[in-house]
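Chemist:
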Ligand code: SAH
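Numbering (our numbering), first residue to last: 1 to 347.
1. Looking only at its own chain, which residues have a Cβ that is under 7 Å from the Cβ of residue 16, when we skip the five neighbours before and after it?
2. Any contact between the segment 290–297 and the segment 268–279? By contact I mean 3 or more CB pairs, one from each, below 8 Å.
3. Return yes when the C-beta of residue 173 is under 7 Å from any heavy atom of the ligand SAH, and no when it is not.
4. Comparing the CB of residue 117 with every heavy atom of the ligand SAH, is any distance shorter than 7 Å?
5. For residue 146, is the classification buried or exposed, using 16 other Cβ atoms within 10 angstroms of its Cβ as the cut-off for buried?
6. Just to check, is the beta-carbon of residue 351 closer than 7 Å to a non-hydrogen atom of the ligand SAH?
7. Could you check which residue in 237, 254, 230, 322 has the C-alpha nearest to that of residue 301?
8. May I ask you to verify whether the segment 205–217 touches the segment 249–269, counting CB pairs closer than 8 Å and requiring at least 3?
9. So if DSSP puts residue 98 in a beta bridge, which residue, or which two residues, is it bridged to?
10. Got a sec: does the ligand SAH put a non-hydrogen atom nearer than 7 Å to the Cβ of residue 281?
11. For a test of the three-state rule: what should DSSP assign to residue 151, helix, strand or coil?
12. Which residue wins for smallest C-alpha separation from residue 39, given the options 185, 157, 63, 210?
13. Report, in whole angstroms, the separation of the C-beta atoms of residue 138 and residue 67, which I expect to be a contact under 8 Å.
14. How should residue 88 be labelled, buried or exposed, when 16 other C-beta atoms within 10 angstroms of its C-beta is the threshold for buried?
15. By the three-class DSSP mapping on this structure, what secondary structure does residue 285 have?
16. When DSSP builds the beta bridges, which residues end up paired with residue 72?
17. The ligand SAH heavy atoms versus the CB of residue 219: any closer than 7 Å?
18. Is the segment 169–178 in contact with the segment 128–137, if contact means three or more CB pairs nearer than 8 Å?
19. Suppose you measure from the CA of residue 202 to the CA of residue 114; what does that come to, to the nearest Å?
20. Using a Cβ-based criterion (distance less than 7 Å to any ligand heavy atom), does residue 188 qualify as near the ligand SAH?
Pasting the structure below:
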């Protein structure tokens with residue numbers, strides 16, 4: 001690990017100040033910025049439109065930290081799971097999920113996770129640190145390259161559904177999205193980006209205030225406070241009423257419908273009472289429900305509910321005119337499915 005400052009932690013404005021402080025032309029900052037964010041330079045020597053002197057000055061002052069794909073596993077369904085090594089040797093995972101018409105990147109926002117959902121493999125890891133904006137951005141670039149290489153098309157969608165809780169790394173996640181969507185860097189449409197959160201009301205309000213343009217998904221899993229606290233203990237501090245208020249505020253500000261992610265487990269949230277609670281919750285804010293298949297992490301307490309339980313949910317939601325979709329797992333054979341990201345191969 002280098003003791004020099006990572007140049008990609010600097011904004012364009014910071015870079016400009018650096019150049020003026022050294023009596024150099026400020027427009028050079030923009031050139032450097034393009035090398036770093038558009039052309040993906042790994043070394044200052046690649047920056048051929050700068051003088052040798054300027055390149056040496058940058059070299060003496062800064063490092064360019066980059067992620068490295070340490071290991072790649074490919075599923076029989078086309079899904080690719082990448083173990084991504086960071087500059088300090090910590091590892092996160094990023095997944096490429098192909099369908100007939102799309103390539104989706106599922107990216108991580110933290111090493112480990114700050115939260116404690118009892119059904120999730122990532123939660124069993126200790127949260128080590130937040131990812132920097134460039135570490136999030138690099139995962140997207142790496143998956144875009146894989147999409148070009150293996151599927152001959154660019155990346156089309158991004159979901160923040162890898163390791164970590166994005167709203168517990170708010171500033172860096174937003175800075176990464178800014179880079180991903182900015183014309184000076186990747187230029188992707190924010191409509192194709194979904195941030196998934198376990199539901200942190202204050203942070204959802206903050207997002208709404210900033211009028212962000214990306215989509216929001218919330219891992220709800222239960223609309224009954226008591227049940228939710230059992231499976232997502234942190235929810236004790238973030239009651240469903242505050243979550244609902246924050247989501248209503250989000251809709252008021254952004255006019256964007258929320259997606260609720262929801263797993264149905266046998267004996268946990270499969271009763272008519274659970275179903276009615278979800279219907280009531282959804283009726284209070286424009287939303288749709290995505291029923292996710294459970295991917296076992298080996299705990300017998302959690303078992304995917306049978307088809308008839310899923311159908312009971314679907315019928316009740318549809319009867320209340322709430323849109324409901326069912327998401328089947330991808331990449332299960334390589335532990336790349338939701339909730340299975342835990343650096344298994346590296347332990
Ligand atoms: N912390 C954020 C981002 C992670 S997204 C969030 O909770 O939304 C990962 C998604 O997979 C979440 O909806 C999570 O609840 C779900 N999940 C976790 N463990 C799972 C498992 N074993 N099977 C299926 N889905 C799971």
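Even glycine gets a Cβ: it sits at the ideal position worked out from N, Cα and C.
None of the values given here were measured: they were computed from a predicted structure.
Modeler: Here's the rundown:
1. So the qualifying residues of the chain are 26, 29.
2. Not touching, per the Cβ criterion.
3. It does not: the Cβ of residue 173 is nowhere closer than 7 Å to a heavy atom of the ligand SAH.
4. Indeed, a heavy atom of the ligand SAH lies less than 7 Å from the Cβ.
5. Under the 10 Å beta carbon count, residue 146 is surrounded by 16 or more other beta carbons and is classified as buried.
6. Residue coverage of the chain in this structure runs from 1 to 347, which leaves residue 351 outside it and unanswerable.
7. The shortest C-alpha separation from residue 301 is found at 230.
8. In short, these stretches touch, since the Cβ pair count reaches three.
9. DSSP output for residue 98 lists 103 as bridge partner(s).
10. Look at residue 281: its beta carbon is at least 7 Å from all of the heavy atoms in the ligand SAH.
11. DSSP places residue 151 in helix when its eight states are reduced to three.
12. Selected option, being the one with the closest Cα: 185.
13. Between residue 67 and residue 138 the Cβ distance is about 4 Å, and since that is below 8 Å, they are a contact.
14. Exposed, because fewer than 16 other Cβ atoms sit within 10 Å of the Cβ of residue 88.
15. Residue 285 falls in the coil class under three-state DSSP.
16. The beta-bridge partner set that DSSP reports for residue 72 consists of 82.
17. The beta carbon of residue 219 sits closer than 7 Å to at least one heavy atom of the ligand SAH.
18. Here the segment 169–178 lies against the segment 128–137, with 3 or more beta-carbon pairs under 8 Å apart.
19. For residue 202 and residue 114, the distance between alpha carbons rounds to 16 Å.
20. In this structure, residue 188 has its CB at a distance of at least 7 Å from all heavy atoms of the ligand SAH.
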